[in-house]
Structures are given as structure tokens and as C-alpha cells.
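A.B. asks: Start counting the sequence shown at 60; every next residue gets the next number (our numbering). I am attaching a structure below and will ask some questions about it afterwards.
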Amino acid sequence: MPFWEKTAKFYLRHVEFERWAKEAAGEETDPQRRVLKLMDWTMKNVRHIPPGWPLIDDHISHNVLRHYGNDGQLAEVFTAFTTYTGNEGRWEAYHPPGAKERVALSFVESEDGWWVFDLWNGGWFETPSGRIATIDDFRHPEQLRRHGQAPEVLNGTPYLDYYRDLDRVFQRSFSRARGQMPWHRLLMVLGLETGDNHSLDTSP
Numbered sequence: 060m061p062f063w064e065k066t067a068k069f070y071l072r073h074v075e076f077e078r079w080a081k082e083a084a085g086e087e088t089d090p091q092r093r094v095l096k097l098m099d100w101t102m103k104n105v106r107h108i109p110p111g112w113p114l115i116d117d118h119i120s121h122n123v124l125r126h127y128g129n130d131g132q133l134a135e136v137f138t139a140f141t142t143y144t145g146n147e148g149r150w151e152a153y154h155p156p157g158a159k160e161r162v163a164l165s166f167v168e169s170e171d172g173w174w175v176f177d178l179w180n181g182g183w184f185e186t187p188s189g190r191i192a193t194i195d196d197f198r199h200p201e202q203l204r205r206h207g208q209a210p211e212v213l214n215g216t217p218y219l220d221y222y223r224d225l226d227r228v229f230q231r232s233f234s235r236a237r238g239q240m241p242w243h244r245l246l247m248v249l250g251l252e253t254g255d256n257h258s259l260d261t262s263p
């Protein structure tokens, strides 16, 4: 592929994703409500991959165009949206000991710390004051309340168990969102900014 064509496609993907992010966020200016709107839009527009369908690991925007993905791809679309709208997002999968499956946890930066979400199961936790729980808040899980669609027990494992090792999960987390933004990509090419690179492994 000629360089000019590759560059044009890169820029078009950026513009397209920027448009989706603005559409998903609407006119919301409150960071917490905006992030929840982005979560809702992602879950409605990027569905669970149907059984037997191929998993395709390519550009983030293609997950939106295909309208389906695995747990990591939903998390990646969501955290890219939050990054595009002003709150850096990252994600990583976690498989608690003894659990039958993993979850892909999304981390979104806020003034309070890093909020935590589970796009695949539609869950998050809030503090007694109604604030989205941060990594630090999970040091006192008995004070938190589950919100969204996630069940109290996920395939035999208490749902809260998926949030018990957040410090280590966050340390492994990553994001490809900045790499699809022209200015940040240029800085990466020049060696002035580092980028994350990660495979969307489907195994636990």
C-alpha cells in the first residue's frame, strides 16, 4: 500500500472515531455522566461476538463498524472513547483464581483516581455518595454498591472477586487509543512518546 494511501486511511479512521466519540458523549460535560454515556453507547453498538464468528484483531474503529467484538474489544472501544473525550482510558483482562472466566476491566482516569468498569457484563461499583468507585475505593469493598447489569455472582464466582487485585491488573493495563491520534502518533514515530502494544488474546 502506498504511503499516502496508508496515511489517508489512518487519518480517516481518526476522524471517524472522533465523530463517534462526540456522538456517544452528546453535549454532556460532567465527566462521570459522560463516561457512563460512552459505556452505554459502546454496549449498544458493539455487541458480544456471536458463537462461532471469527475474532478479528485489527484497528479499533473496525470493531465499531463490525458491531461486535470480544470482551477486550469492547473495553478497547470504550477506553478509546474516553481518551478522545478527555479522560484517559486503559484496559486489561483478569482471571481470578478458581473463576471459570475472565473479565476485561477498563480503567478511566478522573480527578478522584482511576474509575473501574466491566463493559462485557455491564458492571461498575459506586461509593455511598454515588461516585463511581476508583481503584483506591476497592480497598474497602464492603462500602461499595454494584451498579449496571452485572450479576452478584458470575458463573459461580462472586462478582466482586473480579475487582480484588486491581493494583496489579492496572499495572499491566494498556491503551492503543493515542496511537490512532495523528499528533500522538507523530510523537511516537519521533520517539518522544511511548505507545502501548498488546494482543487481544481470547484465552483466560
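All residues carry an ideal CB built from backbone N, CA and C; glycine is no exception.
Check Asp-260 in the structure and name its three-state DSSP category.
C.D. replies: Its pLDDT being 38, under 50, Asp-260 is placed unreliably in this model, and the coordinates cannot settle the point.
A.B. asks: Restricting to runs no shorter than 4 residues, where is the alpha helix (DSSP H) found entirely within the segment 94-180?
C.D. replies: Runs found: 119-125 and 130-143.
A.B. asks: Under a Cβ-count criterion, where at least 16 other Cβ atoms within 10 Å of its own Cβ denotes burial, should Asp-260 be classed as buried or exposed?
C.D. replies: In this prediction, Asp-260 scores a pLDDT of 38, lower than 50, which makes its location untrustworthy; the coordinate-derived value is nonetheless stated afterwards. With fewer than 16 Cβ atoms within 10 Å of its Cβ, Asp-260 is classed as exposed.
A.B. asks: Taking the alpha-carbon positions, what's the Gln-132 to His-121 distance?
C.D. replies: About 10 Å.
A.B. asks: Is it the case that the segment 203-221 contacts the segment 156-165, given that we only count it when at least three CB pairs across the two stretches are under 8 Å?
C.D. replies: Judged by Cβ distances under 8 Å, the segment 156-165 makes contact with the segment 203-221, as three or more pairs qualify.
A.B. asks: Ser-232 and Trp-150 look like a contact to me (Cβ under 8 Å); what is the Cβ gap, rounded to whole Å?
C.D. replies: Confirmed, Cβ separation roughly 6 Å.
A.B. asks: Check for me: the beta strand (DSSP E) holding Arg-205 runs from which residue to which?
C.D. replies: Arg-205 -> beta strand (DSSP E) spans 204-207.
A.B. asks: Pick helix, strand or coil for Pro-217, following the three-state DSSP scheme.
C.D. replies: Looking at Pro-217 - three-state DSSP - the assignment turns out to be strand.
A.B. asks: Within its chain, find whatever has a CB closer than 8 Å to the CB of Thr-193; leave out the 5 residues flanking it on each side and keep chain order.
C.D. replies: So the qualifying residues of the chain are Ser-169, Asp-171, Gly-172, Trp-173, Trp-174 and Val-175.
A.B. asks: How about the segment 203-213 and the segment 123-138: do they share at least three Cβ pairs that are nearer than 8 Å?
C.D. replies: Counting Cβ pairs under 8 Å, fewer than three are found: no touch.
A.B. asks: Pull up the distance between the alpha-carbon of Asn-214 and that of Glu-64, whole angstroms please.
C.D. replies: Answer to the nearest angstrom: the Cα atoms are 47 Å apart.
A.B. asks: Buried or exposed for Gly-148, going by 16 or more other Cβ atoms inside 10 Å?
C.D. replies: Buried.
A.B. asks: Please report the distance separating the alpha-carbon of Arg-93 from that of Ala-67.
C.D. replies: Roughly 30 Å between the two C-alpha positions.
A.B. asks: Do you know offhand how far Glu-75's Cα is from Gln-239's?
C.D. replies: Rounded to whole angstroms, Glu-75 to Gln-239 spans 11 Å at the Cα level.
A.B. asks: Quick one: what does DSSP say Glu-185 is sitting in, helix, strand or coil?
C.D. replies: Glu-185 falls in the strand class under three-state DSSP.
A.B. asks: Measuring straight from C-alpha to C-alpha, what distance separates Trp-112 and Asn-180?
C.D. replies: Those two C-alpha atoms are separated by around 20 Å.
A.B. asks: Out of Asp-89, Trp-100, Tyr-143 and Ala-84, which has the shortest C-alpha to C-alpha gap to Glu-77?
C.D. replies: Closest by alpha carbon: Tyr-143.
A.B. asks: Alpha helix (DSSP H) containing Gln-230: first to last residue?
C.D. replies: Per DSSP, Gln-230 belongs to the alpha helix (DSSP H) from 225-231.
A.B. asks: Taking Cβ to Cβ, would you say Ala-80 is nearer than 8 Å to Lys-96?
C.D. replies: The answer is no: Cβ separation not under 8 Å.
A.B. asks: Would you decide whether Ser-188 is buried or exposed? Buried here means 16 or more other CB atoms lie within 10 Å of its CB.
C.D. replies: With fewer than 16 Cβ atoms within 10 Å of its Cβ, Ser-188 is classed as exposed.
A.B. asks: Cα-Cα, which of Ile-119, Val-123 and Asp-116 is closest to Arg-264?
C.D. replies: The requested residue 264 is not part of the displayed model; the chain covers only 60 to 263.
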